[in-house]
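S.K.: Handing you a structure now.
Residue numbers (UniProt numbering): 1 to 388.
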């Protein structure tokens, strides 16, 4: 039977669960015992696979999870995750009853939202768990004035159906060398906390950079994302970067040909050979998230670097080989091979002129994820087959 644990193409991503476990454990062991670690698994765990990452992170010591959307939280609940889950993005007040029924915490920063949510609650469900979001300088969502916070706290205290579970903010510069703006945000957040009549169960501000370096931002919970995946947390402060990259991307050569001087490769005849060359075709393209801007980026074929030539197509890419390499040979686009050469996510991000987060998030559902432990495959997720 065809199912999501099978795949039928020679392009795949590998996720090293041993490295993930160690990354989480290292971060957890470095925190005060009373500080709860919430693992960020939003955006399909930054492209790594939300359910599999959530399971392993919780096993390694994470207390709970954070996601961006109510849909993401519900998907984890449907798969059996029972740990605390906080949605970071605003949900519709009419959906409050759904969050309450599934014990999902949500952010609030408007009294009007609470009023509308209260009207939508049907009664009989568990109380809706509220985390008040404070905008201390990020400029996205959140309340900005102490009077707003007091009004929200008062409303929650006087209205049935709500539980004031947390208060939080998000730093915009915690990964930068200069601490001036970070310290301003921290001071504003501490002021918000100080005006509360009752401090809630969770007080959290630190992201990966905060959790790894800013002890003054730990409070009793942290939200760790990029560091879980062993990706560079800060270019300006390399001491933040302590983990092992858990994501790699591979494919196989499906065609090899020798071309002569003057022959062209790809759309627009953008590449023309200057001498006799071996060209390989690999079945990965921009529809998989291997973007056109990666033209000229090198990959690893048979343990050696080989450059992408011509324009990357929707489903295929051409590579100039150092010598003849047979069909079926494994090609690594991100990660390493036995030779020791290694392509980091950061190398790909630099070529794309973006950040590492975007690289793993961009490798999309067409690419199956192979989960490994002890070097052996333990699970496959192929989202093309969901529902079949």
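Note that the Cβ used here is the ideal one computed from N, Cα and C, for glycine as well.
Since the model is a prediction, treat every value here as computed from it, not as a measurement.
#1: At what residues does the alpha helix (DSSP H) containing residue 415 begin and finish?
#2: Less than 8 Å between the C-beta atoms of residue 352 and residue 294, yes or no?
#3: Could you check the C-alpha separation between residue 313 and residue 92 for me, to the nearest Å?
#4: Going by DSSP in three states, residue 31 sits in which element: helix, strand or coil?
#5: Assuming residue 288 and residue 296 make a contact with CB atoms under 8 Å, what is their CB distance in whole Å?
#6: In whole angstroms, what separates the C-alpha of residue 357 from that of residue 117?
#7: In whole angstroms, give me the CA-to-CA distance for residue 107 and residue 268.
#8: Could you check if residue 194 is buried or exposed, using at least 16 other CB atoms within 10 Å of its CB as the buried criterion?
#9: Assign residue 178 to one of two classes, buried (16 or more other C-beta atoms within 10 Å of its C-beta) or exposed (fewer than that).
#10: Spell out a yes or no on whether the stretch 377 to 386 and the stretch 265 to 285 are touching, meaning 3 or more CB-CB pairs, one atom from each, closer than 8 Å.
#11: Spatial neighbours of residue 203 within its chain, please: C-beta separation below 8 Å, excluding the five flanking residues on both sides.
#12: Just checking: is the beta-carbon of residue 198 within a distance shorter than 8 Å of some beta-carbon in chain C?
#13: Out of curiosity, what's the CA-to-CA distance linking residue 359 and residue 232?
#14: Helix, strand or coil for residue 234? Go by DSSP, reduced to three states.
#15: Go to residue 59, then tell me how far its alpha helix (DSSP H) extends in each direction, as first and last residue.
#16: Return the first residue and the last residue of the beta strand (DSSP E) that residue 247 is part of.
#17: How many angstroms separate the CA atom of residue 223 from the CA atom of residue 350?
#18: With respect to the alpha helix (DSSP H) encompassing residue 390, which residues constitute its N-terminal and C-terminal limits?
#19: Per DSSP, what kind of secondary structure is residue 93 in: helix, strand or coil?
#20: Residues in its own chain within less than 6 Å of residue 309 by CB, not counting five upstream and five downstream?
#21: Roughly how many angstroms lie between the CA atoms of residue 2 and residue 234, to the nearest whole one?
#22: Would residue 171 pass as a contact of residue 141 if the rule is Cβ separation under 8 Å?
M.R.: The structure says:
#1: Nothing can be reported for residue 415: it is not among the residues displayed for the chain, which extend from 1 to 388.
#2: Between residue 352 and residue 294, the gap from beta carbon to beta carbon is short of 8 Å.
#3: 39 Å
#4: coil
#5: 18 Å between Cβ atoms; not a contact.
#6: A direct Cα-Cα distance of roughly 33 Å separates residue 357 from residue 117.
#7: 49 Å
#8: exposed
#9: exposed
#10: no
#11: 166, 167, 168, 193, 219, 220 and 221
#12: Protein chains in the displayed structure number just one, and chain C is not present.
#13: 12 Å
#14: coil
#15: 50 to 59
#16: 247 to 252
#17: Going from the Cα of residue 223 to the Cα of residue 350 covers about 26 Å.
#18: Any property of residue 390 remains undetermined from this structure, which presents the chain solely from 1 to 388.
#19: helix
#20: 265, 271, 318 and 320
#21: Confidence is the limiting factor: at residue 2 the pLDDT is only 49, short of 50, which leaves the residue's position unreliable and the question unanswerable from this model.
#22: no
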